[in-house]
Each structure stands twice: as C-alpha cells, then as structure tokens.
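Just so you know, we're using the numbering used here here: the sequence shown kicks off at 234 and counts up by one.
Backbone N, C-alpha and C fix where the C-beta goes; we use that ideal spot for every residue, glycine too.
Written below as structure tokens is the structure these notes are about.
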Amino acid sequence: MAWTPVVKRSVSGDVFEQVAEQVLGGELAAGSALPSERQLAEALSVSRPAVREALQRLAAAGLVSVRQGEATTVLDYRRSSGLEVLPRLLLRGDSIDPAVARSILEARLHNGPKIAELAARRVRRDAGRGGRALPVADGLTLLHKSVEGLVAESDPLAQQRIALEFWDHVLDLADSIAFRLMYSMLRAAYEPALAALAPIMSAEVGNGGAYRDLAAAIDAGESEEAADRARALLEPATIALIHALDGA
C-alpha cells in the first residue's frame with residue numbers, strides 16, 4: 234500500500250498567500266484599504282487571530298501598512314518590499330513574467346563580473362599578507378572542485394546546479410553580505426525555472442573552459458581579468474534569454 238505524506242497547512246499562511254497574490258498581481262491596488270479583520274475572517278472562513286497573524290507577515294514583507302485603529306492599507310511593493318518577493322513575481326501560476334525575468338537576467342549580468350572582481354581582489358589582498366588564510370584557501374579549493382564537477386557532468390540541468398554552486402563559492406570569496414543576500418533571492422527566483430531554461434543555458438553551463446579560466450583569474454588575484462572573464466561567460470546566454478523573452 235502506498236502512503237501519501239500529510240501536508241500540514243497553516244491557516245494564517247493561506248491567508249497570507251491569498252492576500253500577497255492579489256497585492257503582487259495588482260488586484261489590490263497600492264493605496265487601497267483592505268477589509269477589516271472581522272470582514273476578512275468572515276469572507277475567508279477563518280479566525281480573526283489567523284487574519285491578524287497574516288496581516289503582520291504581510292506588513293513585515295512590505296506589502297501592507299497596519300496601524301492600530303486604522304484601516305490596513307496596501308503598499309506599493311516596488312518601493313516598500315525587498316528582494317524576497319522576486320520568486321513570487323517571477324512565477325505567476327505556471328507562467329513566467331517576462332519583465333521580471335528580464336530584470337533578473339540584467340541583474341545577473343551586472344552583478345556577476347563585479348562579484349568575480351571582488352573575489353579576485355580579496356585573494357590578492359590575502360596573498361599580499363604573506364599567505365592565504367584558511368577561508369580563502371578553502372574557498373579556492375571548492376571553486377576549482379566545482380569547475381571539475383561541471384566539466385565531468387553532461388546533463389544540462391545538473392550542470393546548471395553545479396554552476397550555481399560555483400557562483401556560491403565566488404560569493405564566499407568576495408565576502409560581500411550585500412551581494413550574498415541579493416544572490417540568494419535571485420537564485421530563489423531562478424531555480425524553479427531551471428528545467429525550462431536548460432536548452433538556452435546549456436551553452437553557458439557546458440562551457441567548462443570558461444569557468445576554468447574565470448576560476449584561474451580569481452585564484453591569481455587578477456581582478457580586471459576576472460571581471461572580463463565573468464562577463465564573457467554570462468553575456469551570451471543572457472542576451473539569448475532576453476531575445477527569447479522579447480519574442481515570447
């Protein structure tokens with residue numbers, strides 16, 4: 234007999250998801266007022282504490298403004314939210330929003346070379362102090378290991394995942410919390426579309442030589458070279474994907 238795992242659902246989570254979907258989808262316009270807690274509880278057939286908890290989460294996400302004794306107001310998420318809403322914006326049901334996808338690709342092309350440059354600078358600074366600190370040495374080892382894994386792999390989907398690990402190691406070497414947080418959100422938005430992107434990304438993630446050259450530039454502490462090699466690696470697939478989105 235086959236068993237199906239029981240999924241434990243959160244009532245407040247369901248309320249959050251429903252309201253967030255309407256805010257991000259534009260059904261609830263910025264500046265409009267939500268129904269009262271009582272009205273929402275009645276409309277959704279849930280308790281008022283569940284509605285209150287959901288509203289607190291929505292406020293923390295920058296989607297609504299909750300003020301004691303006043304109506305809860307929908308905010309303009311473009312100005313009040315953070316990168317954590319990107320995955321929700323990218324996938325609308327089963328389809329990808331082309332404008333959001335384009336912005337993610339543009340950010341990827343802009344940030345990648347800079348992150349590679351910062352990683353190489355840190356490696357160079359470390360070498361200038363008379364040796365490599367353990368975190369840098371370990372980071373470089375993992376970086377080269379991911380390149381070898383990428384070269385040995387032939388499946389485009391698996392190659393994409395290894396490429397993401399490669400950039401994880403570059404970020405560790407760059408040691409930038411701002412870029413790390415941005416990358417985490419961009420990756421969360423990107424990963425659900427890996428299978429759909431595999432045909433276009435195969436040329437990039439299958440180019441093991443380009444990844445090896447980039448890793449070598451970082452290892453040598455050549456910041457400008459690292460930035461140039463990162464750009465050369467990322468640009469072709471980015472342009473191809475943007476063209477595909479424009480033609481969709």
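Where does residue i sit, in a helix, a strand or coil, going by DSSP?
| i | result |
| --- | --- |
| leucine 261 | coil |
| alanine 421 | helix |
| arginine 300 | coil |
| leucine 383 | helix |
Give me, in chain order, the residues of the same chain whose beta-carbon lies closer than 6 Å to that of residue i; leave out the 5 immediate sequence neighbours on both sides.
| i | result |
| --- | --- |
| alanine 352 | Val403, Leu406, Ala407, Ile451 |
| valine 333 | Leu322, Leu323 |
| leucine 467 | Leu342, Gly345 |
For residue i, which residues of its own chain have a beta-carbon under 8 Å away from its beta-carbon, when the five flanking residues on both sides are left out?
| i | result |
| --- | --- |
| proline 320 | Met418, Ala421, Ala422, Pro425 |
| leucine 383 | Gln392, Ile395, Ala396, Phe399, Val438, Gly441, Tyr444 |
| arginine 325 | Gly258 |
By Cβ distance, which residues of its chain are closer than 7 Å to residue i, with the 5 residues on each side in sequence left out?
| i | result |
| --- | --- |
| alanine 448 | Leu376, His377, Val380 |
Comparing alpha-carbon positions, which option in the options lies nearest residue i?
| i | options | result |
| --- | --- | --- |
| proline 432 | Ala465, Phe412, Glu250, Ala477 | Ala477 |
Does the segment 455-469 touch the segment 348-357, meaning 3 or more C-beta pairs lie closer than 8 Å? Judged by pairs of C-beta atoms under 8 Å, the segment 348-357 touches the segment 455-469, as three or more such pairs exist.
So does the segment 341-349 actually touch the segment 285-303, counting three or more Cβ pairs closer than 8 Å? Fewer than three beta-carbon pairs drawn from the segment 341-349 and the segment 285-303 are found closer than 8 Å, and the two stretches are therefore not classed as touching.
Please confirm if the segment 459-479 is in contact with the segment 430-442, defined as three or more CB-CB distances below 8 Å between the two stretches. Yes: at least three Cβ pairs fall under 8 Å.
Could you tell me which whole alpha helix (DSSP H) segments of length 4 or greater appear in the segment 440-476? List check, alpha helix (DSSP H) in window: 441-452.
Continuous alpha helix (DSSP H) assignments of at least 4 residues falling wholly in the segment 268-345: The segment 268-345 is shown to contain whole alpha helix (DSSP H) runs of 4 or more residues at 270-277, 281-293, 310-313, 319-323, in chain order.
Check whether the segment 383-390 touches the segment 271-287, taking contact to mean three or more Cβ pairs, one atom from each stretch, closer than 8 Å. Touching, no, given that fewer than three Cβ pairs across the two stretches are closer than 8 Å.
Is the segment 309-325 touching the segment 409-429, taking contact as three or more C-beta pairs under 8 Å? The segment 309-325 vs the segment 409-429: in contact.
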